[in-house]
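Since the structure comes first, as C-alpha cells, the remarks are kept for the end.
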Amino acid sequence: MILASQINTDMWRLIFPILGAILFAAHLYFWGSYFWLAVPVILLILLIIPFRPVCWLWQLSLIGFGIEWFISAYNLYLRRITSGMPFALGVSILIACGLLTILSSVVFYNGRIKEHYPLHV
Numbered sequence: 001m002i003l004a005s006q007i008n009t010d011m012w013r014l015i016f017p018i019l020g021a022i023l024f025a026a027h028l029y030f031w032g033s034y035f036w037l038a039v040p041v042i043l044l045i046l047l048i049i050p051f052r053p054v055c056w057l058w059q060l061s062l063i064g065f066g067i068e069w070f071i072s073a074y075n076l077y078l079r080r081i082t083s084g085m086p087f088a089l090g091v092s093i094l095i096a097c098g099l100l101t102i103l104s105s106v107v108f109y110n111g112r113i114k115e116h117y118p119l120h121v
C-alpha cells in the first residue's frame, strides 16, 4: 500500500496524460464510439498499478490516440473541402490535440515517475 507521504512530488506531471485520455474519451463519445470508450477508462484505472509495463502501455496508447486525432483532422479537412466550408480552425484544433497527446507520453520518461512505477512488483 502506498502512503500519501510516499508519493513523489513530480507525480503532478501525470495530469497531462490523464487529460489526454479524458479528452480522447470525449472525442470517442462525441463520435458515438461507445465500445472503444472503454480503452481510455481502463487506462485510467491501470494508472493506479505501480508497474512499469503500465507506463509502456500508456505511452503506446497516447501515441495511438494522437494518430487518431490526426486521422480525424484529415477526415474533417476532406469533408469541409468537399462541401466548401471553412476548415482551418477545426483542423488546427484537432492537430493541436494530436500533438499534445503524443507529447504527453514523454512524461513517463521522468526519473521520479519511473521510480514510482518499478519494473518488478
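For the sequence shown, the residue numbers in UniProt numbering are 1 to 121. Note that CB positions come from ideal geometry on N, CA and C, so glycine has one too.
On the DSSP letters alone, give me the boundaries of the alpha helix (DSSP H) that residue i sits inside.
i: L47; result: Here L47 belongs to no alpha helix (DSSP H), and DSSP marks it neither H nor E.
i: N75; result: R52 to S83
i: L14; result: Run containing L14: none; DSSP gives neither H nor E here.
i: S92; result: A88 to L103
i: G111; result: G111 to H116
Thinking just about the alpha-carbon of each residue, which of the options is nearest to the one in residue i?
i: G98; options: S72, R80 and I45; result: S72
i: N110; options: H27, Y34, L28 and Q59; result: Q59
i: R112; options: R52, W31, I22 and F35; result: R52
i: L47; options: W36, S61 and F35; result: S61
i: A103; options: R79, W31, L19 and L43; result: The residue asked about is misnamed: residue 103 is Leu in this sequence, not Ala. Residue L19 is the option with its Cα nearest to L103.
i: I22; options: D10, I45 and P86; result: I45
Assuming residue i contacts residue j under a Cβ cut-off of 8 Å, what Cβ separation, rounded to an integer in Å, is found between them?
i: Y117; j: V39; result: Not quite, the Cβ-Cβ distance comes to about 20 Å (not below 8 Å), so this is no contact.
i: G90; j: L76; result: 5 Å
i: L94; j: W69; result: 5 Å
i: L14; j: V107; result: 6 Å
Is it buried or exposed, residue i, if we count other Cβ atoms within 10 angstroms and call 16 or more buried?
i: T101; result: buried
i: P17; result: buried
i: F24; result: buried
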